[in-house]
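For reference, each letter of the sequence shown is one residue, going 32 to 139 in the numbering used here. Some notes on the structure that comes next.
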Amino acid sequence: MKKEVDFVERYLIEFGLRATFTGNLYHIKNEMISFFREVKQNKAILEYIALVIEVNEHYSITMNDIATLSHTIQKEMHNNASIWLDVQLSSSLINEGFRVSVYYLTEH
């Protein structure tokens with residue numbers, strides 16, 4: 032099962048579409064809601080999502096923050112999303128909160 036999970040996550044990051052949001056948690060949450068609703072109007076998003084969260088050393092992200100982002104995605108995907116999570120330290124995010132990249136696939 033681990034090999035399958037690694038493959039899906041790598042595939043999403045390498046070949047999937049990406050949307051990136053920067054700021055504080057509530058700004059990112061609102062941007063994500065708008066993004067998912069806009070994309071779903073045009074194409075169906077497949078249930079596989081890779082969520083890459085980048086933080087700097089002066090900003091901490093909590094499990095509650097991660098749960099809020101996950102809940103937002105699940106709500107917009109009608110609880111059908113399989114989410115892979117990766118949290119990374121980034122020195123390029125000075126005073127910006129954190130950056131969230133959502134990798135996803137759409138139906139053709």
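Note that the Cβ used here is the ideal one computed from N, Cα and C, for glycine as well. Predicted, not measured: the structure shown is a model, and the values here were computed from it.
Where do the ends of the alpha helix (DSSP H) carrying residue i lie?
i, result
"residue 127", "Premise fails: residue 127 is in no alpha helix (DSSP H) and is neither H nor E."
"residue 91", "Run containing residue 91: none; DSSP gives neither H nor E here."
For residue i, tell me which candidate among the options has the shortest Cα-Cα distance.
i, options, result
"residue 54", "113, 101, 92", "92"
"residue 86", "109, 132, 138", "132"
"residue 60", "37, 98, 42", "98"
"residue 50", "106, 114, 41, 70", "70"
"residue 94", "109, 65, 116", "116"
"residue 56", "127, 122, 43, 74", "127"
"residue 109", "76, 118, 41", "76"
Can you name the residues that DSSP bridges to residue i?
i, result
"residue 120", "86"
"residue 75", "Per DSSP, none; premise fails for residue 75."
"residue 134", "49, 81"
"residue 25", "Residue 25 is absent from the structure shown; the chain starts at 32 and stops at 139."
Mind reading off the beta-carbon distance from residue i to residue j? Whole number of angstroms is fine, and I expect it under 8 angstroms.
i, j, result
"residue 52", "residue 90", "Going by Cβ atoms, the distance from residue 52 to residue 90 rounds to 15 angstroms, so no, they are not a contact pair."
"residue 78", "residue 111", "5 angstroms"
"residue 82", "residue 114", "6 angstroms"
"residue 84", "residue 118", "5 angstroms"
In the DSSP assignment, find the unbroken beta strand (DSSP E) run with residue i in it and report its ends.
i, result
"residue 51", "48–54"
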